[in-house]
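6 is the number of the first residue of the sequence shown in the working numbering; add one for each residue after it.
Written out below as structure tokens is the structure these notes cover.
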Amino acid sequence: MILITDNFIPEEVLESKASIILFGNQHCSVCSALKLKLQTVMIEILPELTFAYVDTNLNPILAASHSVFTVPVAVFRSENKEYNRWVRSFSIQEIIAYCQRMLMIQNS
Numbered sequence: 006m007i008l009i010t011d012n013f014i015p016e017e018v019l020e021s022k023a024s025i026i027l028f029g030n031q032h033c034s035v036c037s038a039l040k041l042k043l044q045t046v047m048i049e050i051l052p053e054l055t056f057a058y059v060d061t062n063l064n065p066i067l068a069a070s071h072s073v074f075t076v077p078v079a080v081f082r083s084e085n086k087e088y089n090r091w092v093r094s095f096s097i098q099e100i101i102a103y104c105q106r107m108l109m110i111q112n113s
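Shown next as structure tokens:
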């Protein structure tokens with residue numbers, strides 16, 4: 006997991022073949038649980054994805070520049086483009102299914 010602490014997302018995340026960026030903060034218990042679960046999923050099920058985390062309390066400018074005004078928000082990016090965004094109420098299974106489908110399309 007890449008912890009983003011600056012006011013920009015690193016090139017390795019933006020230009021990776023596929024990545025998930027999770028926006029959350031330390032006061033959001035759902036965000037904390039989601040972060041841990043996504044870390045596990047990225048290691049065990051989707052190792053080809055880059056996973057990054059942005060704390061919106063520490064990086065409000067970065068969050069706002071990506072139109073993130075509530076948490077949690079998970080963003081799927083591929084080759085510097087945003088393809089999908091999950092906001093507030095979503096399941097890990099939704100993210101896994103979407104990412105697997107996108108990776109299958111990219112690899113075909």
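All C-beta atoms, glycine included, are put in the ideal place defined by N, C-alpha and C.
Can you tell me whether Pro77 is buried or exposed, with buried defined as 16 or more other CB within 10 angstroms of its CB? Locating residue 77 in the sequence shown gives position 72, counting from the first residue. With 16 or more other Cβ atoms within 10 Å, it is buried.
Buried or exposed (CB count within 10 angstroms, at least 16 for buried), Val35: Looking up residue 35 in the sequence shown gives position 30. Around the C-beta of Val35, fewer than 16 other C-beta atoms lie within 10 Å, and the residue is accordingly described as exposed.
Using 8 Å as the threshold, is the C-beta distance between Arg90 and Val80 below it? Indexing the sequence shown from 1 puts residue 90 at position 85. Indexing the sequence shown from 1 puts residue 80 at position 75. Inclusion of Arg90 and Val80 in the CB contact set at 8 Å is warranted, their separation being smaller than that value.
Rounded to whole angstroms, what's the CA-CA distance from Ser37 to Asn12? Just pull it up for me. Within the sequence shown, numbered from 1, the residue matching residue 37 stands at position 32. Within the sequence shown, numbered from 1, the residue matching residue 12 stands at position 7. Each residue's Cα considered, the two are about 21 Å apart.
With a threshold of 8 Å, are at least 3 pairs of Cβ atoms found where one atom belongs to the stretch 93-103 and the other to the stretch 61-73? Under the 8 Å Cβ criterion, the stretch 93-103 does not count as touching the stretch 61-73, having fewer than three qualifying pairs.
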